[in-house]
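Asker:
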Amino acid sequence: MPRPHREIPSQRLPASHAQSPAATAKKPRSLWWGMLITVVGWLLLAYPIVLLALVSTVFVSGPLDGQVTASGIALGVLGYIGTLAMLAFPPLLGFAVMARRRTPWLVAILTGVLTLAAFLYLTAEWLVPLG
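Taking our numbering, the leading residue of the sequence shown gets 1, the next gets one more, and so forth.
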């Protein structure tokens with residue numbers, strides 16, 4: 001009686017090459033690294049997150065006369081996206097440091113770019129003119 005297909009060894013690769021990726025895989029870092037990066041990131045971004053959320057709410061709700069423009073709504077939505085990026089960046093960066101894989105790093109870099117853009121907008125448009 002022949003063996004099932006899943007039990008037949010592969011003829012394509014030698015046995016030494018078939019097991020080498022598992023042997024060279026890096027061990028993930030400790031969970032404490034991810035937690036430390038997340039907490040420090042949220043502490044550094046707490047004030048900009050709250051300020052950008054308030055500014056975005058003001059844009060969406062409009063001035064006191066009650067007229068809301070399309071540009072105000074667009075700026076408010078972009079502000080909310082920036083706020084969410086600021087909230088998501090520290091845990092994603094912590095996970096990328098822990099996991100040591102390429103995909104989490106790409107996602108962390110994308111949210112980092114959005115966070116930097118939101119932070120620069122908030123600084124240039126709101127904090128510098130007030131000072």
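Here a beta-carbon is modelled for each residue, glycine too, at the ideal position from N, C-alpha and C.
(1) Gly-94 and Ile-37 look like a contact to me (Cβ under 8 Å); what is the Cβ gap, rounded to whole Å?
(2) Considering only their Cβ atoms, is the gap separating Gly-76 from Ala-118 smaller than 7 Å?
(3) Output the distance between the C-alpha atoms of Gly-72 and Gly-34, rounded to the nearest integer angstrom.
(4) Quick check: what's the CA-CA separation for Val-68 versus Leu-92?
(5) Do you know how far the Cα of Leu-110 is from the Cα of Pro-104?
(6) Which residue's Cα is closest to the Cα of Arg-100: His-5, Arg-3, Pro-28?
(7) What residue range does the alpha helix (DSSP H) around Arg-102 cover?
(8) Please state whether DSSP places Thr-38 in a helix, a strand or coil.
(9) Work out the CA separation of Gly-112 and Ala-85 for me, nearest whole Å.
(10) If you reduce the DSSP assignment to three classes, tell me which class Pro-2 lands in.
(11) Quick one, are the C-beta atoms of Ala-96 and Ala-108 less than 7 Å apart?
Answerer: Walking through what the data contain:
(1) 4 Å
(2) no
(3) Cα to Cα, Gly-72 sits roughly 37 Å from Gly-34.
(4) 35 Å
(5) Distance between the alpha carbons of Pro-104 and Leu-110 is about 10 Å.
(6) Pro-28
(7) Arg-102: member of the alpha helix (DSSP H) spanning 102-122, first to last residue.
(8) helix
(9) Cα to Cα, Ala-85 sits roughly 7 Å from Gly-112.
(10) Correct three-state label for Pro-2: coil.
(11) Yes, these two residues count as a Cβ contact at 7 Å.
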